[in-house]
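> Structure in structure tokens, see below.
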């Protein structure tokens, strides 16, 4: 049965749901899973300052606040895995061949359907709170700037989806997966690897030394991606240290 969530702040238009959530979490003590949702972001952001393209009212744009103080700083990537799996679980209800492109983009086939931006407020020993920003392409079918976009509607012959229902579906999956971070983190890590885009598939990558062919073979607990090249050398990368080459 779909559980309904009450701590949802709905805004018609805002610069960024992550910025709003960050200010709210700094100013007030808000319960876990407090969610800020909007129809349009004037300054929507992706990873490392990338722009997130979204038409007014067509996609699901929201941020969730949680307080994962029990997660050690060195293991904070487990939260990213948890969120990525939760979005992936929802998309997989309506699409086939849904994977997580490291570290946390969601792909249908070779096209991107969702992006995630997590911003952590850290103390000396733990995460004080996390702002989890998600952009899920829902009903948009024309994109002007995104290089390889898709949406739920595009993958389902133009069906128009109910964004509110999708939000509650995500919160149900996320709550369930979030509780596993402490009770069964290895299960989350295993499922993340099982659903990793291009895992064990030969592909062309680029790093500081140039282009090379390799296979993604693992992801370490700290989030480093492991690619084994065709000479069986293991290469380890943090975010933005390696690029997938679109073919």
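Residue numbers (this note's numbering): -16 to 230.
The C-beta atom is built at its ideal place from N, Cα and C for all residues, glycine as well.
Computed from a predicted structure; not experimentally measured.
1) Leaving out five residues on either side along the sequence, give the residues of the same chain with a beta carbon under 8 Å from the beta carbon of residue 184.
2) Residue 1: buried (16+ other C-beta within 10 angstroms of its C-beta) or exposed?
3) Three or more C-beta pairs under 8 Å: does that hold for the segment 77 to 97 against the segment -13 to -2?
4) Select from 147, 77, 75, 227 the residue whose C-alpha is nearest the C-alpha of residue 22.
5) Determine the extent of the beta strand (DSSP E) in which residue 194 is found, giving its start and end residues.
6) Can you tell which of 48, 140, 217 has the C-alpha that lies nearest to the C-alpha of residue 15?
7) Please list the terminal residues of the continuous beta strand (DSSP E) segment that includes residue 107.
8) Rounded to the nearest angstrom, how far is the Cβ of residue 204 from that of residue 60, given a contact under 8 Å?
9) Check whether the Cβ atoms of residue 109 and residue 62 sit closer than 8 Å, and answer yes or no.
10) What are the boundary residues of the beta strand (DSSP E) that includes residue 220?
11) To which residues of the same chain is residue 121 closer than 8 Å at the C-beta, ignoring the five residues directly before and after it?
12) Please state the DSSP three-state secondary structure of residue 82.
13) Expressed to the nearest angstrom, what Euclidean distance is found between the alpha-carbon atoms of residue 31 and residue 5?
14) Go to residue 88, then tell me how far its beta strand (DSSP E) extends in each direction, as first and last residue.
15) Could you compute how far the alpha carbon of residue 39 sits from the alpha carbon of residue 217?
According to the data block:
1) 198, 199
2) buried
3) No, because fewer than three Cβ pairs between the segment 77 to 97 and the segment -13 to -2 fall closer than 8 Å, the two stretches do not touch.
4) 147
5) 193 to 202
6) 48
7) Counting along the chain, residue 107 falls outside any beta strand (DSSP E), and DSSP gives it neither H nor E.
8) 7 Å
9) Their beta carbons are not under 8 Å apart, which means residue 109 does not touch residue 62 by this criterion.
10) 217 to 220
11) Cβ neighbours of residue 121 beyond the five flanking positions: 41, 42, 43, 134, 135, 136, 144, 146, 149.
12) strand
13) Model confidence at residue 31 stands at a pLDDT of 43, short of 50, so the residue's coordinates are unreliable; what they give is reported in the following sentence. The straight-line gap from Cα to Cα measures roughly 17 Å.
14) Annotation: the continuous beta strand (DSSP E) that includes residue 88 extends over 88 to 91.
15) So the alpha carbons of these two residues sit roughly 44 Å apart.
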